[in-house]
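S.K.: Sequential numbering from 130 applies to the first sequence in my numbering.
Built from N, CA and C at the ideal position, the CB exists for glycine as well.
Computed from a predicted structure; not experimentally measured.
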Amino acid sequence: MNKRLITSALPYVNNIPHLGNLIQVLSADVFARFCRSRGYETLYICGTDEYGTATETRAHEEGITPQELCTRYYKIHDEIYRWFNIAFDHFGRTSTPEHTEITQGIFLKLYENGYITAKTIQQLYSPASDMFLADRYVRGTCPHCGYEHARGDQCEHCGKLLDPAELISPRSAIDNSIPEMRETKHLYINLPAILPKLQEWLKIAAEQGNWSRNAVQMTYGWIRDGLKERAITRDLKWGIPVPLDGYRDKVFYVWFDAPIGYISITATLTEEWERWWKNPEEVELFQFIGKDNIPFHTVVFPSSLLGTGEPWTLLKTMSSSEYLNYETGQFSKSRGVGVFGNDAIDTGIPPDVWRFYIFYNRPETSDFTFTWRDFQEKVNGELIGNLSNLVNRALTFVCRYYDGRVAEVESDHEFFATVREQEAEITAMLEQARLRDSFRKIFALASYGNRVFQNAEPWKTRKYDPQGTHLLLSRLVYLIRDLAVLVEPFIPDTAGRIARMLGIEHPRWGDLGTTGGLGEVSKPEILFERLEDDLVAALQARFSGTQTERAERERRERETGPAERFLERLDLRTARITAVRPHPKADKLYVEEIALGGGVTRQIVSGLVGHYRAEELEGRTIILAANLKPAKLRGEKSEGMLLAAEPAAGASGAGEPEAAEPGAGAPGAESPEAGAAKRGDEVVEVLFADDVEPGTRVTLADMPAPASDPPQVSIDEFFEIPIEVRDHVVQVGGRPLQVGDRTVTTTQVSEGKVG
RNA sequence: GGUGGCGUAGCUCAGUCGGUAGAGCAAACGGCUCAUAUCCGUUCGGUCAGGGGUUCGAAUCCCUUCGCCACUACCA
């Protein structure tokens, strides 16, 4: 085992990577640099993952080909990784002939071995373009609002969920032709059939490969919950053609071909790629991924390779990193929260400073929160105050008082014994890809150097013991040489600059702990500029746009009570249930037709099976959250939610229905009638308002009626406003709900919440 | 709702096989003056989220409650 094959997760081409995404690519870079320095034959492979719906759609919207779009983004990725000094042996892409060939080859082997199955499903088809259309590729007039360019999955104008078949005069978004419904067949990989092979491999790999506890848990969790056959084909153009009769107009689904990219990218680099990928005897495969990618690398991809029956080089060590969070929340592409690769470049802060911070805090066992304040502290305190300071003070001394000459030092001095011991530990940690711990230990070693310097007080001793002082300083210079070696995988520019000051080129791992080879050092240059308060404050403000907005919103919401927000945000109305049928594909759900008055009808889905029989609901008037964003539940659309009360944990209302006197103690108890049902010990009580006209808006007691209709809210926004039951009265912020001139009450549930 | 994870010092995080709770930063004090106001030392700081259990012994293993995060769902 003297070859090391290293990969980092292939970034999807369609994004600009942020600091969190960069961790994997950077981590693998450290490991690869370490391996090269130690003399292993090393290959570090990465590249962009380019196929799939997301790029195809995006390209179509921008009126360019997917290939053009990918090339544009590929350059952005490439530029960012170059800036961060990532020494790939090859940074490739998946849209290559090699990728097609190898992916098809693996597929055909799987097919020959009987691990591929076929299933038939229904999908829209465009005769003009001779292709099946994903729902979102169908456009037409929205049956609800009349918007002419509604997408087949959802109308962007009114937000209603659609079935492509509902669209008035549907058109293909690709060619503007009229699509029709057709049957289509898709291929599936039979993971359950490969499972025995997988488990055999897994048992050994997970143990020897030093996987994180999290990774092992997730993998076994996946297998335990039951592997399913997974579709590996799609009706798209932008992808690898399926090389099988009956499927030649289809392409492979991205997740099937993406990991094969590791192999094909190697193949674009060297014709001898099989020396790496079909050589399990000599090659160790190390993969660096994020925790969101674990099952694909421990289950899906190994299964694909194992199913071929060929001797592939399979994953050994997997280093999965946790998430890097930003200030108060998660990095988010869609909300623009965080620091992205191009942002980092724009700050003017050099790549090694970023690399330093990311590795010093690498989220290895748990998530880590990036804050600008912490960034400043760590850079000024450790990178500058510790490491750079040692380099600077020692070399300054040698230059100023000893003409830059390095003395011959005693190799068996106890100083070196300590240093070598530390270095051995650091090396051992790096062998296990424990990057953060080893990096911190390197700084501890630099701190040891500072301590030695301080305790020896050379600024005093040089006056009466110039020779002894020269020896001390020379020992420290050798430590600095070692630090340059140790630090090289992490901050390569800096390592190079230190080496140049020492007058040497490319010190290697094998030089650690040795004495000799140094002659004269040159006057030290400043390695890093301190991060000053005003710069950090400016950066924090600059990259916190969404943060300030969020803080502002939170502040506003604290100032207005739940009652005000209820009126401002929620539109609750009465509605009559006109029909109830069981959900065709779910056994806990009903699908109800409801009338809102004025001839308006809607369909909603409710999880009331087992709580209410259909007859108990039909003809009743309920209270509807009318401005909820529509959603699809198991394929049935639901435009709103009927309100029901559940008892609070520990509250009565369950267990003893006979004790629940209707409306006991509640004002207006006799009015909006309530009924309840229970199943097991769960009680769900629908709020009824049978004597109120459908379409009536719900208001709060002693509050002005809402002025206008609120916009649509998501289910999460809905639940942010607590609607509670207290002593059988339904209320928000202490104010009872009223509909018409009645107060909304419950019979069964005395204390609880409504949802 | 399900699954997985997390909750440890003011902050950010370690804590291996169960054996007297750790680091850095922050804070307080002292020392040094070679060094980018840098470095060295001392001190302060904890009911390991709460409760129960197993054990001679629990941050660690089991049960349970609460809070947070991620994924997911026949939540709506």
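(1) Shortest alpha-carbon distance to Asn518 belongs to which of Ile633, Leu172, Lys132 and Phe582?
(2) Span of the beta strand (DSSP E) holding Gln860?
(3) DSSP three-state call for Lys758: helix, strand or coil?
(4) What number of angstroms, rounded off, separates the C-alpha of Val842 from the C-alpha of Lys238?
(5) Here's a check: name, in chain order, each residue in its chain whose Cβ is nearer than 6 Å to the Cβ of Gly784, leaving out the five neighbours to either side.
(6) State the Cα-Cα distance for the pair Phe499 and Asp622, rounded to the nearest angstrom.
(7) Mind checking which residues open and close the alpha helix (DSSP H) that includes Leu887?
(8) If distances are taken between C-alpha atoms only, which option among Ala754, Glu721, Glu853 and Ala755 comes closest to Tyr114?
(9) Going by DSSP, what residue range makes up the beta strand (DSSP E) through Ala708?
(10) If you draw a straight line from the C-alpha of Leu656 to the C-alpha of Gly514, how long is it?
(11) Run through the DSSP bridge pairs and tell me what Asp819 is partnered with.
(12) Assuming Asn131 and Glu410 make a contact with CB atoms under 8 Å, what is their CB distance in whole Å?
(13) Under a Cβ-count criterion, where at least 16 other Cβ atoms within 10 Å of its own Cβ denotes burial, should Gly149 be classed as buried or exposed?
(14) In whole angstroms, what separates the C-alpha of Ala216 from that of Pro325?
(15) Does the distance from the CB of Leu757 to the CB of Gly748 come in under 8 Å?
(16) What residue range is occupied by the uninterrupted beta strand (DSSP E) comprising Pro865?
(17) Arg702 and Leu725: beta carbons closer than 8 Å?
(18) For my contact list, Ala773 and Val813 are in at a C-beta cut-off of 8 Å; report their separation, rounded to the angstrom.
(19) Grab me the residues of Asp386's own chain with a C-beta within less than 8 Å of its C-beta, minus the 5 sequence neighbours each way, in chain order.
(20) At which residues does the alpha helix (DSSP H) containing Phe415 begin and terminate?
(21) So, Ile418 versus Ser449, is the Cβ gap smaller than 8 Å?
(22) May I ask which residues mark the beginning and end of the alpha helix (DSSP H) holding Glu197?
(23) Just to confirm before moving on: does the CB-CB distance between Leu753 and Ile723 stay below 8 Å?
(24) Would you mind working out which of Glu197, Pro587 and Gly736 sits nearest Lys714, comparing C-alpha positions?
(25) Going by the CB atoms, is the gap between Tyr531 and Lys507 shorter than 8 Å?
(26) Check for me: the alpha helix (DSSP H) holding Ile474 runs from which residue to which?
(27) Can you grab the Cα-Cα spacing for the pair Lys379 / Phe220, in whole Å?
(28) In angstroms, rounded to a whole number, what distance separates the CA positions of Gly467 and Arg659?
(29) State the Cα-Cα distance for the pair Gly809 and Ala670, rounded to the nearest angstrom.
(30) Leaving aside the five residues before and after Cys528 along the sequence, list all residues of the same chain whose C-beta is less than 8 Å from its C-beta, in chain order.
(31) Would you give the residue range spanned by the beta strand (DSSP E) that Ser137 belongs to?
(32) Since I believe Ser432 is in contact with Ile609 (beta carbons under 8 Å), could you give me their beta-carbon distance rounded to a whole number of angstroms?
(33) Can Gly632 be considered in contact with the ligand HEM, in the sense that its beta carbon sits closer than 7 Å to one or more heavy atoms?
(34) Helix, strand or coil for Leu373, going by three-state DSSP, please let me know.
(35) Mapping the DSSP letters down to three states, classify Ala335 as helix, strand or coil.
(36) Rounding to the nearest angstrom, what Cα-Cα distance links Thr476 and Leu668 in this structure?
M.R.: The relevant details are as follows:
(1) For Asn518, the nearest C-alpha among the options comes from Phe582.
(2) Here the beta strand (DSSP E) through Gln860 covers Val858 to Val861.
(3) Here Lys758 sits in coil by DSSP.
(4) In this structure, the alpha-carbon of Val842 lies about 50 Å from that of Lys238.
(5) Caution applies to Gly784, whose pLDDT of 33 falls short of 50 and renders its modelled position unreliable; the model cannot decide the point.
(6) Our two residues, Phe499 and Asp622, have alpha carbons roughly 23 Å apart in a direct line.
(7) There is no way to answer for residue 887, as the model of the chain reaches only from 130 to 884.
(8) The structure shown does not extend to residue 114, since the chain is modelled only from 130 through 884, so no value can be given for it.
(9) Looking at the DSSP string, the run of the beta strand (DSSP E) that includes Ala708 is Leu701 to Pro711.
(10) If you draw a straight line from the Cα of Leu656 to the Cα of Gly514, it comes to about 11 Å.
(11) For Asp819, which the question treats as bridged, DSSP gives no partner whatsoever.
(12) With 8 Å as the limit, Asn131 and Glu410 do not qualify as a contact, their Cβ atoms being about 11 Å apart.
(13) Flag for Gly149 reads buried.
(14) Taking the straight line from one Cα to the other gives about 38 Å.
(15) Cβ atoms of Leu757 and Gly748: not closer than 8 Å.
(16) Following the DSSP letters along the chain, one finds Pro865 inside the beta strand (DSSP E) bounded by residues Arg864 to Val868.
(17) The answer is yes: Cβ separation under 8 Å.
(18) Rounded, the Cβ-Cβ distance is 5 Å, consistent with contact.
(19) Excluding positions up to five away in sequence, the list reads Tyr180, Thr223, His228, Thr232, Gly368 and Ile369.
(20) No alpha helix (DSSP H) holds Phe415; the beta strand (DSSP E) holding it covers Val412 to Gly419.
(21) Ser449 is positioned such that its CB atom lies closer than 8 Å to that of Ile418.
(22) Looking at the DSSP string, the run of the alpha helix (DSSP H) that includes Glu197 is Pro195 to Trp212.
(23) Contact: yes.
(24) Closest option to Lys714, Cα to Cα, is Gly736.
(25) Note that the C-beta distance between Lys507 and Tyr531 is not below 8 Å.
(26) Here the alpha helix (DSSP H) through Ile474 covers Gly470 to Asp475.
(27) Answer to the nearest angstrom: the Cα atoms are 28 Å apart.
(28) Going by the C-alpha atoms only, they are around 22 Å apart.
(29) Note that Gly809 has pLDDT 38, beneath the 50 cutoff, so the model's placement of it is unreliable and the number below is only indicative. For Gly809 and Ala670, the distance between alpha carbons rounds to 54 Å.
(30) Contacts found: Val650, Ser651, Lys652 and Pro653.
(31) Taken as a continuous stretch (DSSP letters only), the beta strand (DSSP E) holding Ser137 covers Lys132 to Ser137.
(32) In fact, because the Cβ distance is near 49 Å, the residues do not count as touching under 8 Å.
(33) This structure lacks the ligand HEM; in fact it carries no ligand of any kind.
(34) If DSSP states are grouped into helix, strand and coil, Leu373 belongs with coil.
(35) Here Ala335 sits in helix by DSSP.
(36) So the alpha carbons of these two residues sit roughly 8 Å apart.
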